[in-house]
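Undergrad:
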DNA sequence: GATGTTTTGTGAGCGCGCTCACTTTTGTAT
DNA sequence: ATACAAAAGTGAGCGCGCTCACAAAACATC
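Residue numbers (my numbering), protein chains in the order written: chain A, 610 to 816; chain B, 610 to 816.
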């Protein structure tokens, strides 16, 4: 049972490696699962014993990158940052780890992270979103926001974050300064939102 | 030549009608172009003489709804609204016209309006986005914003707007109060952004 | 080893969106 | 009417993601 288990893990990571190569060279949509399986030395159908869909296969890489990004962030966090700085560090840490996947990220993130209701849900994407939002809420809690923000704030956060991902995945400016400006404004806006929430106009009774 | 032209228009609108029916009853992804063509009394391939893709077919309906929404907005606009009120009216007018398409909007808008870079672009979606953003800029201009906001502001606007569409297309609260709150906050946030732009921290040199 | 059981691999095949060589229809010119 | 050109319709067929009945391999028990 040990040898087989090991062989399975080898297959799994060979699929992931080859898929990353092929996705990077041809893009997500122009890569076929047949090609990936063949490159990994397996029959066409075998790939689906390891990943339930092409989308999940790609999202697995994204998910692992984001997990590493969160670890980087925890390591790099000194505790002296203000709220906006810490959120920026968090987001930037994720992007750094996503960097190698950038050439094929567009269609994958669009399908898997978008908040539009879908029939076929990719579990990896759901999980990634929830973990990201949980991390954000943990940061907020550490900065004195006792209770979690309402759905309005978190929905808007996720919209802005997706916008950042979309823009960044296409950003050709030298050091992604364009993306940095977008991240900066987005975060400042979110901080402003949750700071002044409900004191403006009287419409803060969101369930 | 006149009779044929008329027949073509009839075919086109029969396709659109049947497609709307089928999309509404089975959702976008579970509806097949074969079914739609058959329901319209045409062969499977003929549908692609009228619309280059299933996505474009659906986006044509969306696009027409949004055009009507803009006309409604112009009609309903008194000129006495402040900036936020007028933006709210604009967005709400679009949603009203999208209402009949709501059951199948999710996958369509996700594919066609998302800012993630894609290989196969749906022209209808591009156009819809540009026209929407142009209308927003016209509203801003009418309220004293002489020059168009930079890419950061418009990118954030589009992110928030997509978030609104996504949330609304799934909103089951009695009169979409949940969506209304989201629209309200999103617009106030955008107005705040372009009002105070660049005066905060010294990072406003976005190209 | 031989036997039975469970796990993993295989590839023919399905239904999809979409294409394209071909047929049929429509309109024009004689 | 007849011959011809242009436009529109057709459906077999392609490549895709994915499924599933079956084959092969791995393990457990004797």
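Where a beta carbon is used, it is the ideal one built from N, C-alpha and C, also for glycine.
Remember, it's a predicted structure, so these values are computed and weren't measured experimentally.
Closer than 9 Å, Cβ to any Cβ of chain B: which residues of the region 722 to 736 of chain A, in chain order?
TA: So the list reads 723, 724, 725, 726, 727, 728, 729, given in the order they occur along the chain.
Undergrad: Assign residue 689 of chain B to one of two classes, buried (16 or more other C-beta atoms within 10 Å of its C-beta) or exposed (fewer than that).
TA: As a first step, residue 689 of chain B must be located in the second chain, where it is residue number 80. Looking at its Cβ environment, which holds fewer than 16 other Cβ atoms inside 10 Å, residue 689 of chain B is exposed.
Undergrad: Could you tell me which of A/726, A/646, A/618, A/677 sits nearest to residue 662 of chain A, measuring between CA atoms?
TA: In the first chain, residue 662 of chain A corresponds to position 53, counting from 1. Looking at the Cα atoms, A/646 is the closest of the given residues.
Undergrad: Alpha carbon to alpha carbon, what distance is there between residue 676 of chain A and residue 708 of chain A?
TA: Translated into positions along the first chain, residue 708 of chain A becomes position 99. Translated into positions along the first chain, residue 676 of chain A becomes position 67. Distance between the alpha carbons of residue 708 of chain A and residue 676 of chain A is about 14 Å.
Undergrad: Closest by CA to residue 669 of chain A, which one among A/702, A/736, A/746?
TA: Numbered from 1 along the first chain, position 60 holds the residue referred to as residue 669 of chain A. Among A/702, A/736, A/746, the Cα nearest to that of residue 669 of chain A belongs to A/736.
Undergrad: Taking C-beta pairs closer than 7 Å, name the residues in chain A that residue 771 of chain B reaches, listed in chain order.
TA: By one-based count along the second chain, residue 771 of chain B stands at place 162. Chain A residues near residue 771 of chain B: 768.
Undergrad: Which bits of chain B does residue 633 of chain A rub up against, with CB to CB less than 7 Å?
TA: Position 24 of the first chain holds residue 633 of chain A. Under the 7 Å cutoff, chain B gives no residues; its nearest Cβ is about 14 Å from residue 633 of chain A.
Undergrad: Touch check for the region 709 to 717 of chain B and the region 714 to 733 of chain A: three-plus C-beta pairs under 8 Å?
TA: Output reads yes: the region 714 to 733 of chain A touches the region 709 to 717 of chain B.
Undergrad: What's the call for residue 703 of chain B, buried or exposed, on a 16-neighbour Cβ count within 10 Å?
TA: The residue given as residue 703 of chain B occupies position 94 in the second chain. Buried, since its Cβ has 16 or more Cβ neighbours within 10 Å.
Undergrad: Is residue 680 of chain A closer than 8 Å to residue 686 of chain A when the C-beta atoms are compared?
TA: As a first step, residue 686 of chain A must be located in the first chain, where it is residue number 77. As a first step, residue 680 of chain A must be located in the first chain, where it is residue number 71. No, Cβ-Cβ distance for residue 686 of chain A and residue 680 of chain A is not below 8 Å.
Undergrad: Closer than 8 Å by beta-carbon distance: list the chain B residues that pair up with residue 642 of chain A, in chain order.
TA: Numbered from its first residue, the first chain carries residue 642 of chain A at position 33. Those within 8 Å of residue 642 of chain A in chain B number zero; the least Cβ separation is about 17 Å.
Undergrad: Where does residue 785 of chain B sit, in a helix, a strand or coil, going by DSSP?
TA: Counted from its first residue, the second chain places residue 785 of chain B at position 176. Note: residue 785 of chain B maps to coil in three-state DSSP.
Undergrad: In chain A, which residues lie less than 7 Å from residue 764 of chain B when you measure between Cβ atoms?
TA: To locate residue 764 of chain B, count along the second chain from 1; it is residue 155. Ordered by position in chain A, the residues that pass the 7 Å Cβ test against residue 764 of chain B are 772, 776, 791.
Undergrad: Does residue 651 of chain B come out as helix, strand or coil in the three-state DSSP assignment?
TA: Stepping through the second chain from its first residue, residue 651 of chain B is reached at position 42. In this structure, residue 651 of chain B counts as coil in the three-state DSSP scheme.
Undergrad: Note down the Cα distance separating residue 720 of chain A from residue 636 of chain A, rounded to an integer number of angstroms.
TA: Numbered from its first residue, the first chain carries residue 720 of chain A at position 111. Numbered from its first residue, the first chain carries residue 636 of chain A at position 27. Residue 720 of chain A and residue 636 of chain A: Cα-Cα distance of roughly 14 Å.
Undergrad: If residue 742 of chain A and residue 763 of chain A are in contact, beta carbons under 8 Å, what's the gap, nearest whole angstrom?
TA: Position 133 of the first chain, counted from the first residue, corresponds to residue 742 of chain A. Position 154 of the first chain, counted from the first residue, corresponds to residue 763 of chain A. Right, their Cβ atoms sit about 6 Å apart.
Undergrad: Between residue 795 of chain B and chain A, is any beta-carbon pair separated by less than 8 Å?
TA: Walking along the second chain from the start, residue 795 of chain B turns up at place 186. It does; some Cβ of chain A falls within 8 Å.
Undergrad: Could you spell out where the alpha helix (DSSP H) holding residue 728 of chain A opens and where it closes?
TA: Residue 728 of chain A sits at position 119 when you count from the first residue of the first chain. No alpha helix (DSSP H) contains residue 728 of chain A, which DSSP labels as neither H nor E.
Undergrad: Flag residue 610 of chain A as yes if its beta-carbon sits less than 8 Å from any beta-carbon of chain B, otherwise no.
TA: The residue labelled residue 610 of chain A in the question sits at position 1 within the first chain. Only weak support is given to the placement of residue 610 of chain A: the predicted model assigns it a pLDDT of 48, under 50, and the value that follows is read from those uncertain coordinates. No, residue 610 of chain A does not count as interfacial toward chain B.
Undergrad: Flag this pair as yes or no: are the beta carbons of residue 692 of chain A and residue 752 of chain A separated by less than 8 Å?
TA: Position 83 of the first chain holds residue 692 of chain A. Position 143 of the first chain holds residue 752 of chain A. Cβ distance < 8 Å, so residue 692 of chain A and residue 752 of chain A count as in contact.
Undergrad: Check whether chain A comes within 8 Å of residue 749 of chain B, counting only Cβ atoms and requiring the distance to be less than that.
TA: Taking the second chain and counting its residues from 1, one reaches residue 749 of chain B at position 140. For residue 749 of chain B, the answer is no, since every Cβ of chain A falls outside 8 Å of its Cβ.
Undergrad: What is the DSSP secondary structure of residue 801 of chain A, counted as helix, strand or coil?
TA: For this step, residue 801 of chain A is matched to residue 192 along the first chain. Looking at residue 801 of chain A - three-state DSSP - the assignment turns out to be helix.
Undergrad: Could you give the distance in angstroms between the alpha-carbon of residue 749 of chain B and the alpha-carbon of residue 758 of chain B?
TA: Within the second chain, residue 749 of chain B is the residue found at index 140, counting from 1. Within the second chain, residue 758 of chain B is the residue found at index 149, counting from 1. Looking at the two C-alpha atoms, the distance is approximately 9 Å.
Undergrad: Out of curiosity, what's the CA-to-CA distance linking residue 638 of chain B and residue 794 of chain A?
TA: Locating residue 638 of chain B in the second chain gives position 29, counting from the first residue. Locating residue 794 of chain A in the first chain gives position 185, counting from the first residue. So the alpha carbons of these two residues sit roughly 36 Å apart.
Undergrad: Should residue 640 of chain B be labelled buried (16 or more other beta-carbon atoms within 10 Å of its own) or exposed?
TA: Stepping through the second chain from its first residue, residue 640 of chain B is reached at position 31. That one is buried.
Undergrad: So residue 798 of chain A contacts chain B; which residues on that side make the cut at Cβ distance below 8 Å?
TA: Here the question's residue 798 of chain A lines up with position 189 in the first chain. Under the 8 Å cutoff, chain B gives 765, 798, 801, 802.
Undergrad: Excluding the 5 residues preceding and the 5 following residue 799 of chain B in the sequence, name in chain order all residues of the same chain whose CB lies nearer than 8 Å to its CB.
TA: Residue 799 of chain B sits at position 190 when you count from the first residue of the second chain. Cβ neighbours of residue 799 of chain B beyond the five flanking positions: 696, 762, 765, 766, 769.
Undergrad: Determine the closest residue to residue 632 of chain A out of A/657, A/699, A/658, A/648, with distance taken between C-alpha atoms.
TA: Working through the first chain from its first residue, we reach residue 632 of chain A at position 23. Nearest C-alpha to residue 632 of chain A: A/648.
Undergrad: Quick check: what's the CA-CA separation for residue 651 of chain B versus residue 789 of chain B?
TA: Translated into the one-based positions of the second chain, residue 651 of chain B becomes position 42. Translated into the one-based positions of the second chain, residue 789 of chain B becomes position 180. So the two alpha carbons sit approximately 42 Å from each other.
Undergrad: By DSSP, does residue 756 of chain B sit in helix, in strand, or in coil?
TA: For the purposes of this step, residue 756 of chain B is taken as residue 147 along the second chain, with counting starting at 1. In the structure shown, residue 756 of chain B sits in coil (DSSP, three-state: anything other than H, G, I, E or B).
Undergrad: Closer than 7 Å, Cβ to Cβ, to anything on chain B: give me those residues from the region 672 to 699 of chain A, in chain order.
TA: Flagged: no residues at all.
Undergrad: When the Cα atoms are used, what is the spatial distance from residue 619 of chain A to residue 672 of chain B?
TA: Indexing the first chain from 1 puts residue 619 of chain A at position 10. Indexing the second chain from 1 puts residue 672 of chain B at position 63. Going from the Cα of residue 619 of chain A to the Cα of residue 672 of chain B covers about 49 Å.
Undergrad: Which chain A residues sit within Cβ distance under 9 Å of residue 779 of chain B?
TA: Mapped onto the second chain, residue 779 of chain B falls at position 170. Within 9 Å Cβ-Cβ: 724, 725, 726.
Undergrad: At the 8 Å Cβ level, is residue 718 of chain A part of the contact set with chain B, yes or no?
TA: Reading the first chain from its first residue, position 109 is the one you call residue 718 of chain A. Output row for residue 718 of chain A: interface = yes.
Undergrad: Three-state secondary structure (DSSP) at residue 618 of chain B?
TA: Mapped onto the second chain, residue 618 of chain B falls at position 9. The answer is helix: DSSP assigns residue 618 of chain B an H, G or I state.
Undergrad: Does residue 616 of chain B pass the burial test, meaning 16 or more other C-beta atoms within 10 Å, or should it be called exposed?
TA: Within the second chain, numbered from 1, the residue matching residue 616 of chain B stands at position 7. With fewer than 16 Cβ atoms within 10 Å of its Cβ, residue 616 of chain B is classed as exposed.
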